[in-house]
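**Student:**
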Amino acid sequence: MNSKLPLALSTALVLSMAGCSKSDNTEVAEAAPEPPAESAMATSPAESNPFFAESPLYMYYPQFDKVENSHYVPAFERGMQEHLAEIEAITSQTDEPTLDNTLVPMERSGQILDRVSRVFFSLSSANTNDEIEAIRSEMAPKLSAHRDRILLDSKLFARIQSLYEQRDTLELDPESYRLIEENYKDFVRAGAQLSDEEKEKLKAINSELATLQTKFSQNVLNEVNASAVAVDSREELAGMSDAMIDAAAEAAKEKDMEGKYLIALLNTSQQPPLASLENRTLRQRIMEASLARGSRGGEFDNREILTKVAKLRAERAQLMGYENHAAYSLENQTARTTEAVNERLASLAPPAAANALREAADMQAIIDAEGGDFELASWDWDFYAEKVRKQRYDFDASQLRPYFEFDNVLQKGVFFAAEKVFGITFKERHDLPVYQEDVRVFEVFEADGSTLALFIMDPFARPSKRGGAWMNAYVSQSALLDRKPVVANHLNITKPISDDEPVLLTWDEVTTTFHEFGHALHGMFSNVKYPDFSGTSVPRDFVEFPSQVNEMWADWPEVLANYAVHYETGEAMPQELLDKVLATQKFNQGYATTEYLAASLLDQSWHQLKPEEVPDADGLLAFEAQALQDAGVALKMVPPRYRSTYFSHIIGGYSAGYYSYIWSEVLDADTVEWFKTNGGMTRENGDHFRQTLLSRGGAEDAMTLFRNFRGADPDIKPLLERRGLN
6 MNSKLPLALS TALVLSMAGC SKSDNTEVAE AAPEPPAESA MATSPAESNP FFAESPLYMY
66 YPQFDKVENS HYVPAFERGM QEHLAEIEAI TSQTDEPTLD NTLVPMERSG QILDRVSRVF
126 FSLSSANTND EIEAIRSEMA PKLSAHRDRI LLDSKLFARI QSLYEQRDTL ELDPESYRLI
186 EENYKDFVRA GAQLSDEEKE KLKAINSELA TLQTKFSQNV LNEVNASAVA VDSREELAGM
246 SDAMIDAAAE AAKEKDMEGK YLIALLNTSQ QPPLASLENR TLRQRIMEAS LARGSRGGEF
306 DNREILTKVA KLRAERAQLM GYENHAAYSL ENQTARTTEA VNERLASLAP PAAANALREA
366 ADMQAIIDAE GGDFELASWD WDFYAEKVRK QRYDFDASQL RPYFEFDNVL QKGVFFAAEK
426 VFGITFKERH DLPVYQEDVR VFEVFEADGS TLALFIMDPF ARPSKRGGAW MNAYVSQSAL
486 LDRKPVVANH LNITKPISDD EPVLLTWDEV TTTFHEFGHA LHGMFSNVKY PDFSGTSVPR
546 DFVEFPSQVN EMWADWPEVL ANYAVHYETG EAMPQELLDK VLATQKFNQG YATTEYLAAS
606 LLDQSWHQLK PEEVPDADGL LAFEAQALQD AGVALKMVPP RYRSTYFSHI IGGYSAGYYS
666 YIWSEVLDAD TVEWFKTNGG MTRENGDHFR QTLLSRGGAE DAMTLFRNFR GADPDIKPLL
726 ERRGLN
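Heads up: the sequence shown runs through residues 6 to 731, numbered per my numbering.
(1) Can you check the stretch 240-291 for any alpha helix (DSSP H) of at least 4 residues that lies completely inside it and give the ranges in chain order?
(2) So, helix, strand or coil for R434, using DSSP?
(3) Which runs of the alpha helix (DSSP H) at least 4 residues long sit entirely within the stretch 519-576? Give them in chain order.
(4) Consult DSSP for G24 and reduce its assignment to one of helix, strand or coil.
(5) When DSSP labels each residue in this structure, what does E59 get in the three-state scheme?
(6) Run the CB neighbour count on T541, radius 10 Å, all protein chains shown included, and call it buried at 16 or more, exposed below.
(7) Would DSSP call D463 helix, strand or coil?
(8) Considering only residues of the same chain and omitting the five flanking positions on each side of Y333, which have a CB-CB separation below 7 Å?
(9) Could you check the C-alpha separation between L724 and E581 for me, to the nearest Å?
(10) Ignore the nearest five residues each way along the sequence and tell me which others in N555's own chain have a CB closer than 7 Å to its CB.
(11) If we ignore side chains and look at the alpha-carbon of each, how far apart do P507 and E705 end up?
(12) Quick check: the stretch 614-631 against the stretch 307-322, are at least 3 beta-carbon pairs closer than 8 Å?
(13) Run through the DSSP bridge pairs and tell me what A458 is partnered with.
(14) Taking all protein chains shown into account, do 16 or more other C-beta atoms lie within 10 angstroms of the C-beta of P719, making it buried, or fewer, making it exposed?
(15) Find the nearest neighbour of G637 within the set A604, N329, A280, N532, judged by alpha-carbon distance.
(16) Hey, could you find the ends of the beta strand (DSSP E) M144 is sitting in?
(17) Would DSSP call V444 helix, strand or coil?
(18) What alpha helix (DSSP H) runs, 4 residues minimum, are completely inside the stretch 300-387?
(19) Cβ atoms of V564 and F383: under 8 Å apart, would you say?
(20) Could you check if L587 is buried or exposed, using at least 16 other CB atoms within 10 Å of its CB as the buried criterion?
(21) Can you give me the C-alpha to C-alpha distance between G454 and M529, rounded to a whole angstrom?
(22) Buried or exposed, going by whether 16 or more other CB atoms sit within 10 Å of the CB of P562?
(23) Mind checking which residues open and close the beta strand (DSSP E) that includes I498?
(24) Just list the residues that DSSP pairs V236 with in beta bridges.
(25) Could you tell me how far apart the beta carbons of R715 and D673 are, in whole angstroms, since I believe they sit closer than 8 Å?
(26) Going along the chain, which residues of its own chain have a beta-carbon closer than 8 Å to the beta-carbon of D608, five neighbours each way excluded?
(27) Terminal residues of the continuous alpha helix (DSSP H) containing N188?
(28) In terms of residues, what are the limits of the alpha helix (DSSP H) holding M708?
(29) Can you tell me whether T734 is buried or exposed, with buried defined as 16 or more other CB within 10 angstroms of its CB?
(30) Quick one: any contact between the stretch 205-213 and the stretch 166-184, if contact means 3 or more CB pairs under 8 Å?
(31) Using three-state DSSP, classify Y664 as helix, strand or coil.
(32) Would you mind sorting N230 into buried or exposed? The rule is 16 or more other CB atoms within 10 Å of its CB.
(33) Please report the straight-line C-alpha distance between T650 and V121, rounded to a whole angstrom.
(34) Report, in whole angstroms, the separation of the C-beta atoms of N690 and S127, which I expect to be a contact under 8 Å.
(35) Distance check for V480 and N532, CA to CA, integer angstroms please.
(36) I need the boundaries of the alpha helix (DSSP H) containing K90, first residue and last residue.
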């Protein structure tokens, strides 16, 4: 978190890319705050840039209908210019530094830059195009330089350092005290104490990294689209549903491949069609296409970019006095040290791999029994896992989809659970503009009828959208700025060709929808003074905790019974099938844990290197193979969830932080046990969770918040039980 920069810009620079009935509703529970007067810089009649002044829409909701690509660069340039002028006004003061004349105006600064950054970097992930990508490339080094110009400003740092040194003598509330401490630490970690010569070297590294990271993420999206697998006949797609086959035909048609079928790839190594495709040769083609992304040569090859990034990060870490980039990154997380992360991952890898091997043996037994003359391979796993599931539980995962219609999952599942636990309600808005026709907006109300937030849902995959699922805030809550949150969830659900067809989800898509809404709740419940601490502005290895907790409601009997109804008949999911869903929660956890740990270990392997240890581009794949071998997770039938060359997390905000999901899951599993022990789905439990943790954002130390909620340190036993690793 960097209060000296607009929060959205800080996030964007880190990520460098960077988670229903349609009744008419124009009513609001309370009047929107009065927008401030326009900046003097935006009063000319010729000025029509929607970022130059606050949005006049409800709760400062973005004017998506007025934003054009031509607005971005002028807004970035004016935003940086105005931001620097605001910082200069702070540093040119002759008065001794105080909270009110230094940090508070810093918190208020950079509003234009904040507005354009939030919209631009969100849409560059959710609805990009060639022009936006060109702007990303152009702005990346400029924004990096702007960030450095502020964070390496010696006059500004002197004022912050003065406040830091006298903080114990000032009469400060706890959040203001923390604001001083966190600002001081952030400036030091950004290089404020380096010599002038070292600062210049740091600026050059940051600028090059910004360019490389942007190019890497662009290559990932381009390579996903370029690696789609073309299929000649419908017969080859046996096993896939008719709807999926029709979607593949439509995708081919859109690429001028009439008569063929196009299997689009998702961002992970494994691909959903592999669970149902009967054609083993085609399964192999899809998996090999997936694994080759970014390392097969051509214009989207990421090997050279990744090795350059790893080396530059290692050089920067040593410049800052750290052994490696992981040591630098982890110092600011709840894990604190590479030793702690390595110990956790190393303790989980052996039992996870052992579980995966046991699961593989069960599948090989089926292959042999069917007369298959081959060894289980990565492209076979999901297909034969479903056969094991059916054999063991008399249960086929495809049986679930008719009961998981998207709108039911969202409104009668996700929203229903939030209403039961937290007392909040939702009403769809049709009067606010959206950037894409499938995007929906909901107003969120407190139990007393007052407005809590606006929630944007962007559910469907499209070529202009990066893979995965995520949450972002277009407006972050802040008492200082009198802002309520406007937050968004982005998913990658396949949209049916016809609007008449139902949107039926897999179980993974159901849990992902609940997961991302957990992030949204973290943003919506924020109740802090300073924007620096708003919502999800917490350590990376803590931010996944609330979202993982929210997954528990997906299979909570009361919630599941409410949304799991057949899309045609309206009949509830049979109890027998529901029981099988719950019984299979530990199924295939050896694979799931191993593929995740493999990716986490790759992340650490890259970022615990010294500059001279980083391999060249030609040695990247060998380095990756050796790292997995050394960690004991080099199972040929279980590839890492992401290979290095399409592993967007390690280039973006999760560099040296992909371990965060399993780290946070310790807290999550322990919290689920707390809910169960204390009566489950009650408002009392929800209010306690909200008040002690979800509402506090980064205003207090993350683990202090957990202890305030839990009343104890986290226990790892529930996680081991959940993952079958005990």
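We put the beta carbon where it would ideally sit given N, CA and C, even for glycine. Remember, predicted model here, so these are calculated numbers, not experimental data.
**Tutor:** Concretely, from the data shown:
(1) Counting only runs of 4 or more, we get 247-259.
(2) Collapsing the DSSP output to three states places R434 in a strand.
(3) Within the stretch 519-576, the complete alpha helix (DSSP H) runs of at least 4 residues are 545-555, 562-568.
(4) Model confidence at G24 stands at a pLDDT of 36, short of 50, so the residue's coordinates are unreliable; what they give is reported in the following sentence. Correct three-state label for G24: coil.
(5) When DSSP states are grouped into helix, strand and coil, E59 belongs to the coil group.
(6) By the 10 Å Cβ count, T541 comes out buried.
(7) In the three-state DSSP reduction, D463 falls in the strand class (E or B).
(8) The beta carbon of Y333 sits closer than 7 Å to the beta carbons of A322, M325, Y327 from its chain, once the five residues preceding and following it are set aside; these are given in chain order.
(9) Each residue's Cα considered, the two are about 27 Å apart.
(10) Within the same chain, Cβ atoms closer than 7 Å to the Cβ of N555 are found at F519, H520, F522, G523, L526, the five residues on either side in sequence being excluded.
(11) Those two C-alpha atoms are separated by around 44 Å.
(12) In short, these stretches touch, since the Cβ pair count reaches three.
(13) Its beta-bridge partners are V449.
(14) Classification for P719: buried.
(15) Closest option to G637, judged by alpha-carbon separation, among A604, N329, A280, N532: A604.
(16) If you look at M144, you'll find it isn't in any beta strand (DSSP E); it sits in the alpha helix (DSSP H) that goes 135-156.
(17) Here V444 sits in coil by DSSP.
(18) Qualifying alpha helix (DSSP H) stretches, in chain order: 308-324, 330-335, 343-374.
(19) Checking the sequence, you will find Ser at residue 383 rather than Phe. No, the Cβ-Cβ distance between S383 and V564 is not below 8 Å.
(20) For L587, the number of other beta carbons within 10 angstroms of its own is below 16, and it is reported as exposed.
(21) Taking the straight line joining both Cα atoms gives about 15 Å.
(22) Exposed.
(23) Secondary structure note for I498: its beta strand (DSSP E) is the uninterrupted segment 491-498.
(24) Beta-bridge pairing links V236 to Y266.
(25) The C-beta distance from R715 to D673 rounds to 11 Å, too long to meet the 8 Å contact threshold.
(26) Excluding residues within five positions, the ones whose Cβ falls inside 8 Å are F652, H654, I655, Y659, S660, A661, G662, Y663, Y664.
(27) Counting along the chain, N188 sits inside the alpha helix (DSSP H) bounded by residues 179-194.
(28) Where M708 is concerned, the enclosing alpha helix (DSSP H) stretches over 707-715.
(29) Because the chain spans 6 through 731 in this model, residue 734 falls outside it and cannot be assessed.
(30) Put simply, the stretch 205-213 does not touch the stretch 166-184. Fewer than three CB pairs are less than 8 Å apart.
(31) Coil, per DSSP.
(32) Note on N230: under 16 other CB atoms within 10 angstroms of its CB, so exposed under the neighbour-count rule.
(33) Rounded to whole angstroms, T650 to V121 spans 30 Å at the Cα level.
(34) So it is not a contact: roughly 33 Å between Cβ atoms.
(35) Here the alpha carbon of N532 sits roughly 13 Å from the alpha carbon of V480.
(36) Here residue 90 is Ala; the residue named in the question, Lys, does not match the sequence. Note, A90: alpha helix (DSSP H), 74-96.
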